[in-house]
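In our numbering, the protein residues as written are 2 to 162. The beta-carbon is built from N, C-alpha and C at its ideal position, and this holds for glycine as well. The structure appears right after this line, and notes come after that.
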């Protein structure tokens with residue numbers, strides 16, 4: 002949980018809380034790899050940021066994978082002060098993955114959370130969107146038996162991915 006800050010065009014900045022709601026929080030939690038109950042917080046609940054306010058009027062449907070896919074003002078176009086900095090709580094959260102990576106610009110390490118029991122992946126497919134369902138359990142990856150497997154199970158896996 003905390004104030005939401007985004008990195009764009011070489012700088013970090015905050016998001017204005019105009020139109021900020023739990024659907025936006027859901028996308029932030031998903032983008033961070035956190036599950037839980039997403040809750041949007043406004044009026045600089047986690048303190049006022051400094052520097053630029055980079056986004057305003059964010060309006061996610063809640064299904065997007067990242068804030069960049071949501072309807073929003075143009076980067077840097079806003080009418081806010083830092084007293085309106087947006088925040089998010091993903092609590093109680095379950096961490097989905099954890100890896101250290103370098104961002105494409107190689108400027109900043111990205112931290113992704115550790116693998117949790119029950120994490121799923123697809124293996125052996127022709128693309129990342131298809132393949133055999135595997136589940137992480139007790140430190141190892143295993144397959145899923147297809148007895149009783151239906152479209153509903155496939156939908157659950159797709160949502161987890």
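Candidates the options: closest to residue i by CA position
i: residue 47; options: 147, 15, 136, 155; result: 15
i: residue 160; options: 125, 31, 3; result: 31
i: residue 72; options: 44, 158, 62, 147; result: 62
i: residue 10; options: 55, 38, 49; result: 55
i: residue 162; options: 88, 85, 122; result: 122
Beta-carbon proximity check, residue i vs residue j, cutoff 8 Å
i: residue 41; j: residue 13; result: no
i: residue 145; j: residue 134; result: yes
i: residue 143; j: residue 136; result: yes
i: residue 211; j: residue 18; result: Look at the range of the chain in this structure, 2 to 162, and you will see that residue 211 is not part of it.
Buried versus exposed, by CB contacts within 10 Å (16 or more), residue i
i: residue 127; result: exposed
i: residue 57; result: buried
i: residue 118; result: exposed
i: residue 205; result: Any property of residue 205 remains undetermined from this structure, which presents the chain solely from 2 to 162.
i: residue 25; result: buried
i: residue 100; result: With a pLDDT of only 36 at residue 100, under 50, the local geometry of the prediction cannot be trusted, and the value read off the model is given with reservation. Result: exposed.
According to DSSP, residues forming a beta bridge with residue i
i: residue 8; result: 13
i: residue 133; result: 124
i: residue 138; result: 141
i: residue 56; result: 16
Where in the region 67-94 do unbroken runs of the beta strand (DSSP E), each at least 3 residues long, occur, reported from the N-terminal end onward?
88-90
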